[in-house]
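Input: a single structure, listed below in structure tokens.
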Amino acid sequence: MSERAEIAFEGLLEELLQDPDDDVAATEGALYVHGRLFARLDGDALVVDLPAERTADLIERGVAEPGSAGVVEARGAWARVGDTEDWPELASEAHQFVGEPAVGKDS
């Protein structure tokens, strides 16, 4: 991992951990909400779990490429994002997507 990616991830982690109501937990290079993985480092890229349509759009526009989180199944689809400038926005989207219950599934 490059120094730039490491610094970007540390900044992202610091931002996400500021609000205890966000229920974010971290392990070495991975971020969880309510115990579910929503983002992780993959070399110099951040892999995030986003709705499948959003991931497809990011890939089509060249912002991301298909990603994987190993054995962890995505709630939507994994997107691998290399540009650290995009990490805060997409990690926030992933946090919200993975952390919120699916509409109509809990009633």
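Residues 246 to 352 (the working numbering) make up the sequence shown, in order.
The beta carbon of each residue, even a glycine, is placed where N, CA and C say it ideally should be.
Computed from a predicted model, the values in this text were never measured in an experiment.
Would you mind sorting residue 300 into buried or exposed? The rule is 16 or more other CB atoms within 10 Å of its CB. Working through the sequence shown from its first residue, we reach residue 300 at position 55. Buried is the call here.
Beta-carbon separation of residue 398 and residue 294 under 8 Å? In the structure displayed, the chain extends from 246 to 352; residue 398 sits before or after that span and is not available.
Other residues of its chain near residue 313: CB distance less than 6 Å, five sequence neighbours each side excluded: Locating residue 313 in the sequence shown gives position 68, where the first residue counts as 1. Here the set comprises 323.
Rounded to whole angstroms, what is the Cα-Cα separation between residue 249 and residue 288? Within the sequence shown, numbered from 1, the residue matching residue 249 stands at position 4. Within the sequence shown, numbered from 1, the residue matching residue 288 stands at position 43. Cα to Cα, residue 249 sits roughly 11 Å from residue 288.
Local Cβ density within 10 Å of residue 285, reported as buried at 16 or more and exposed below that: Position 40 of the sequence shown, counting from 1, holds the residue named residue 285. Classification for residue 285: buried.
Within the continuous alpha helix (DSSP H) that includes residue 343, where are the two ends? For the purposes of this step, residue 343 is identified with residue 98 of the sequence shown, where counting begins at 1. Element bounds for residue 343: 332 to 344.
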